[in-house]
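Chains A and B are the protein sequences, given in the same order.
In this note's numbering, each residue carries its 1-based index in the first sequence increased by 1.
In this note's numbering, each residue carries its 1-based index in the second sequence increased by 1.
Backbone N, C-alpha and C fix where the C-beta goes; we use that ideal spot for every residue, glycine too.
Predicted model only: the values in this text are computed from it and were never measured.
Protein chains: 2
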Amino acid sequence: MSPRSPTPRRRATLASLAAELKVSRTTISNAYNRPDQLSADLRERVLATAKRMGYPGPDPVARSLRTRKAGAVGLVMTEPLNYSFSDPAALDFVAGLAESCEDAGQGLLLVAVGPNRKVSDGAAAVLSAGVDGFVVYSASDDDPYLQVVLQRHLPVVVVDQPQNISGTSRVCIDDRAAMAELARYVVELGHREIGLLTMRLGRDRPHGTGKPVVASAERLETPLFHVQRERLHGVYDAMTEAGLAPQSLTVVESYEHQPTSGGLAAEVALAANPRLTALMCTADVLALSAMDWLRAHGIYVPGQMTVTGFDGVPEALRRGLTTVRQPSLEKGRRAGHLLHSPPRSGLPVLDVLPTELVRGRTSGPPV
Amino acid sequence: MSPRSPTPRRRATLASLAAELKVSRTTISNAYNRPDQLSADLRERVLATAKRMGYPGPDPVARSLRTRKAGAVGLVMTEPLNYSFSDPAALDFVAGLAESCEDAGQGLLLVAVGPNRKVSDGAAAVLSAGVDGFVVYSASDDDPYLQVVLQRHLPVVVVDQPQNISGTSRVCIDDRAAMAELARYVVELGHREIGLLTMRLGRDRPHGTGKPVVASAERLETPLFHVQRERLHGVYDAMTEAGLAPQSLTVVESYEHQPTSGGLAAEVALAANPRLTALMCTADVLALSAMDWLRAHGIYVPGQMTVTGFDGVPEALRRGLTTVRQPSLEKGRRAGHLLHSPPRSGLPVLDVLPTELVRGRTSGPPV
DNA sequence: ATGAAAGCGCTAACAT
DNA sequence: ATGTTAGCGCTTTCAT
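Written out as structure tokens, the structure reads:
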């Protein structure tokens with residue numbers, strides 16, 4: 002009854018198909034890759050036999066080996082997943098990158114690198130990723146995976162980490178200038194006692210606590226996370242210009258990234274310096290949470306407290322937060338584009354995207 | 002000065018390293034894969050030479066071909082990206098899957114399948130994905146990519162699509178029962194004139210419009226998107242039980258997925274039937290947007306209008322929405338787990354996750 | 001502990 | 001239009 006079992010013991014390959022049809026392997030290959038190289042008739046027969054034998058077409062891995070193309074881009078994000086997937090700005094970046102990959106017909110491989118894994122495991126994941134290039138997002142300056150990525154000698158685009166790395170293109174914004182502009186605005190409103198709520202400044206957690214803490218002087222000297230550092234220095238710039246002592250800035254660092262981090266940080270900041278009249282935050286998510294906390298404690302914004310954010314995520318704009326809007330989605334698109342269509346020159350590109358100060362309803366003169 | 006150029010013309014391979022060191026390729030391979038198979042001394046020399054020659058270790062693709070393991074899982078999501086990345090429930094699923102992959106040391110490949118691409122391109126992406134298995138998420142019943150995935154003869158886990166597909170495991174919730182329970186609650190509150198706001202019911206857009214529209218009788222007969230269909234029928238179930246005519250349900254379909262879709266849909270529903278006292282939504286994002294629209298139009302919730310959602314996303318819970326909480330993150334984890342650690346039996350598994358009715362502050366008796 | 005040989009499944013020259 | 005030949009870079013028996 003069954004001249005041929007529907008699920009053959011051994012998986013069909015191009016060679017077995019060729020044998021079955023008594024043609025050469027090239028012909029089978031052509032049937033899939035160069036339809037014009039063989040008669041429509043033969044091609045039909047090939048495809049029909051393939052279907053009958055359950056042959057899904059050329060094996061992707063073998064093809065990749067031969068063509069030296071994997072058809073995918075690797076994304077290396079060192080941040081915890083719960084960060085990447087809970088910060089709309091980070092998410093927008095991934096979405097933009099995914100969109101760009103989709104348009105280019107490339108897959109996007111999320112490389113299994115995360116804070117839960119040993120660095121050696123993460124490194125192994127980078128070394129065994131079948132991709133044509135990498136995007137490295139928001140790494141700290143001493144990111145161990147960046148080095149591993151570089152070893153692969155594949156095209157690399159680094160995002161949000163302005164350090165000049167030989168031969169890699171970069172996409173970023175001018176965090177320092179953008180933050181300075183925002184801080185200048187706050188200072189010009191008359192604020193003198195300012196708090197800055199930041200994400201984590203270094204790989205190692207500050208004390209041992211999971212709660213936000215006031216950043217020590219030493220910690221402020223060498224923030225390893227570029228983005229946080231630049232934004233911090235942006236505030237310093239504006240303060241210095243206005244004759245304020247940068248040391249007077251109360252900096253509170255949230256190591257963990259929780260929905261309530263901003264509120265907890267606000268509490269810590271106000272406890273450290275009750276005279277604060279403005280809370281600047283290095284991310285909208287921090288600012289929104291801080292606003293919730295302030296409201297719950299009867300502190301009116303902007304009447305009694307000015308609050309600012311950074312990123313320009315939808316919820317922040319909806320709630321009228323004074324912030325800096327950055328094109329996160331576009332960042333992702335550009336990074337992908339740089340990988341898929343590298344500049345003719347072959348030279349690395351530095352792509353600094355514009356930002357925009359958004360004067361919202363959460364800032365005003367101090368009381 | 003330079004006995005050996007730092008960046009050799011041709012990329013180093015395992016073979017070139019072997020030649021350089023005058024040992025066999027096996028030895029090099031062992032240095033990376035079976036450190037105990039050679040003297041620590043020789044291994045050191047191999048690694049040192051590798052570093053000198055810029056050899057990043059065994060080529061992942063070649064290794065994959067040989068070992069028949071890609072070290073990655075493919076995720077096929079037919080929905081538009083702006084959907085997947087804007088609905089927290091979908092996102093949680095991806096996060097859960099990513100987490101599971103990370104724990105297993107596997108990459109997660111987002112396959113370039115999307116509504117912007119021709120189906121043939123998407124199919125090609127599926128056929129050329131270098132993965133060890135697939136997760137197919139929330140496909141419509143006639144999803145063309147599902148067939149292509151099946152062709153690959155790789156392990157497959159289908160999520161949110163209960164149709165029995167030969168040999169594939171499934172992770173889902175009982176959408177129909179959960180929605181019926183919620184609808185029963187609404188009906189018991191006394192509501193008789195109910196509106197249901199749904200996501201798209203079919204692949205093809207209803208009319209030609211981008212706006213939400215009242216779903217025609219024909220359209221309601223064969224909703225292709227399983228999840229929407231099940232939730233719709235859940236409402237029918239509760240209505241029938243209470244002696245209400247299912248046809249009296251005003252169903253409004255949002256084909257596009259925008260942040261304001263829920264509000265637009267609410268407007269359409271109320272225009273179609275001004276006597277509605279309850280708006281049930283098949284997703285929290287729809288319900289939240291509807292609530293915003295109602296508030297903007299002076300319609301008090303729950304005093305003048307009961308609103309319910311589905312999913313239990315954080316914002317919904319925060320805002321006290323009456324909804325069904327489903328474990329989206331866990332869905333992702335389970336799907337990953339099923340792929341990484343398939344049941345010993347080799348038999349397909351059906352994993353129905355529990356849901357929970359959340360009686361919030363947005364539901365009450367009709368006026 | 002190290003090496004030789006045999007492929008994994010495919011594509012790209014180069015014939016014919 | 002179809003076939004022949006030669007690898008892509010690696011792992012894995014099986015010898016030594």
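For residue 261 of chain B, there is no enclosing beta strand (DSSP E), as DSSP marks it with neither H nor E.
In this structure, DSSP gives residue 350 of chain A a state outside helix and strand, which the three-state scheme calls coil. Around residue 89 of chain A, the same chain offers 314 as residues with beta carbons nearer than 6 angstroms, after the five sequence neighbours per side are excluded. Boundaries of the beta strand (DSSP E) harbouring residue 171 of chain B: 170-174, taken from the DSSP string. The continuous alpha helix (DSSP H) containing residue 29 of chain B extends over residues 26-34.
Between residue 285 of chain B and residue 321 of chain B the beta-carbon gap is near 12 angstroms, outside 8 angstroms, which marks them as no contact.
Taking a C-beta cut-off of 8 angstroms against chain B, none of the residues of the segment 280-298 of chain A qualify. In this structure, residue 102 of chain A keeps its C-beta atom at 8 angstroms or more from the C-beta atom of residue 77 of chain A. Listed along chain A, the residues sitting closer than 7 angstroms to residue 102 of chain B by beta-carbon distance are 113.
Within the same chain, 172, 173, 174, 327, 328, 331, 332, 335 come within 8 angstroms of residue 354 of chain B by CB-CB distance, once the 5 residues on both sides are set aside.
When secondary structure is reduced to three states using DSSP, residue 302 of chain A falls in the coil class, being assigned neither helix nor strand.
Ranking A:319, A:219, A:120, A:28 by CA distance to the CA of residue 360 of chain A puts A:319 first. Closest in C-alpha terms to residue 368 of chain A, from the list A:288, A:266, A:192, comes A:192.
Non-local beta-carbon contacts of residue 261 of chain B in its own chain, meaning distances under 7 angstroms to residues more than five positions away in sequence, involve 290 in chain order. The C-beta of residue 298 of chain A has fewer than 16 other C-beta atoms within 10 Å across all chains shown, which makes the residue exposed.
Our two residues, residue 153 of chain A and residue 133 of chain B, have alpha carbons roughly 22 angstroms apart in a direct line. Identification of chain B residues near residue 122 of chain A by a Cβ-Cβ cut-off of 7 angstroms yields 106, ordered along the chain.
Neighbours of residue 341 of chain B in chain A, taken as residues at a C-beta separation under 8 angstroms, are lacking, since the least C-beta distance is about 11 angstroms. Under the Cβ distance rule, residue 96 of chain B counts among the residues neighbouring chain A, one pair being separated by less than 8 angstroms.
Proximity of residue 147 of chain A to chain B, defined by a Cβ-Cβ separation below 8 angstroms, is not satisfied. Residue 180 of chain A is positioned such that its CB atom lies closer than 8 angstroms to that of residue 235 of chain A.
For residue 106 of chain A, same chain residues with a beta-carbon under 7 angstroms away, outside a window of 5 residues either side, do not exist.
Distances from the CA of residue 120 of chain B to each of B:136, B:302, B:150 were compared; the closest alpha carbon is that of B:150.
Comparing C-alpha distances from residue 220 of chain B to each of B:29, B:41, B:195, B:255 shows the shortest one belongs to B:255.
If you compare the alpha carbons of A:96, A:21, A:128, A:91 with that of residue 34 of chain B, the shortest gap goes to A:128. The segment 266-283 of chain A makes contact with the segment 301-309 of chain A: 3 or more CB pairs, one atom from each, lie closer than 8 angstroms.
Exclusion of the five residues before and after residue 275 of chain A leaves no residue of its chain whose Cβ lies closer than 7 angstroms to its Cβ.
For residue 86 of chain A, the nearest beta carbon of chain B is closer than 8 angstroms to its own beta carbon. The three-state reading of DSSP puts residue 335 of chain B in helix, counting H, G and I together. In this structure residue 242 of chain B is exposed. Its beta-carbon is surrounded by fewer than 16 other beta-carbon atoms within 10 angstroms. When the Cα atoms are used, residue 55 of chain A and residue 13 of chain A turn out to be separated by approximately 7 angstroms.
If the five residues before and after residue 302 of chain B are omitted, its C-beta is found closer than 8 angstroms to the C-beta atoms of 292, 295, 296, 308, 363, all from its own chain and listed in chain order. Every alpha helix (DSSP H) of 4 residues or more that sits fully in the segment 236-298 of chain B is shown, in chain order, as 262-273, 285-297.
Contact between the segment 52-67 of chain B and the segment 91-98 of chain B is absent: fewer than three C-beta pairs spanning the two stretches fall below 8 angstroms.
In the structure shown, residue 180 of chain B adopts helical secondary structure according to DSSP, grouped into three states. In the DSSP assignment, residue 146 of chain B falls within the alpha helix (DSSP H) that extends over 145-152.
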